[in-house]
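Under my numbering, the first residue of the sequence shown is numbered -1, with each subsequent residue one higher. All C-beta atoms in this analysis are idealised placements derived from N, C-alpha and C, irrespective of residue type, glycine included. On a predicted model such as this, the values are computed, not experimentally measured, just so you know. Some notes on the structure that comes next.
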Amino acid sequence: MAGLHGESPERLVVGLGNPGPEYAATRHNVGFRVVEHLARRAGAVFVADPGLRGRLARARIAGRDCVLLEPLTFMNRSGESVGAALERWPALAPERDLLVVLDDLDLPPGRLRLRPSGGAGGHRGLADIARELATQATPRLRFGIGHPGSAAQVVDWVLEPFSEAEEAEVLPAAVERAADAVACVVGEGLKIAMDRFNAMA
């Protein structure tokens, strides 16, 4: 398999989150959880890449050579890391070869929604990627984290850990399902993955 700086991968899968142990278990970091689970399944290891301001793992997923990326720029500057990766591997087309995994307040905890494009829906990480790439045609996998019920509580909500019940009863299966969804996108295409995983409760 090519090294981290070697030939272009076939896919770039980006999990969004904030760096540091104090954020690891928060709702906002579920994108990190999904790509880390994908790396474990593939026997891949994340390493720091200062040039991309992130951590990378090179993984074989659904028979394709993929790079898993965790930007370490903090959420609202995620586009810097993603843009640098696409500059390093210019053969990758964002609308075809990129998949962004992120948290979504408007979906129930653990619910998944794949989309080929669209607005950021208030998500600062996705908004920064759209700004950096000058396009909203960025395939994304939204992972539901639920809503606190009040807009005034959103900032605290996303930076809090999942509840004990969610950690025990919802997250393990949902993260596994999200990893399966990524593998389906990579191996069978976004349309098939949307039909299969968007319908799941």
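DSSP-derived helix/strand/coil call for residue i
| i | result |
| --- | --- |
| Ile190 | helix |
| His35 | helix |
| Pro146 | coil |
| Met73 | helix |
| Ala179 | helix |
| Gly41 | coil |
| Met(-1) | Only weak support is given to the placement of Met(-1): the predicted model assigns it a pLDDT of 39, under 50, and the question is left unresolved by the model. |
Classification of residue i by the beta-carbon crowding that lies within 10 angstroms, buried from 16 upward
| i | result |
| --- | --- |
| Val153 | exposed |
| Ile190 | exposed |
| Arg94 | exposed |
| Asn16 | buried |
| Gly123 | buried |
| Gly1 | Here Gly1 scores only 46 on pLDDT, less than 50, and its place in the model is too uncertain to base an answer on. |
| Gly142 | buried |
| Pro170 | exposed |
| Arg51 | buried |
| Met192 | buried |
| Asp104 | exposed |
| Glu167 | exposed |
| Glu68 | buried |
Bridge partners - residue i, DSSP secondary structure assignment
| i | result |
| --- | --- |
| Thr24 | Pro159 |
| Arg56 | Val65 |
Where the beta strand (DSSP E) containing residue i begins and where it ends
| i | result |
| --- | --- |
| Glu68 | Arg62 to Pro69 |
| Arg138 | Arg138 to Gly142 |
| Ala46 | Val45 to Asp47 |
| Gly13 | Arg9 to Gly13 |
Secondary structure, beta strand (DSSP E): runs of 3+ residues fully inside the region 78 to 125: The qualifying runs are 96 to 102 and 110 to 113.
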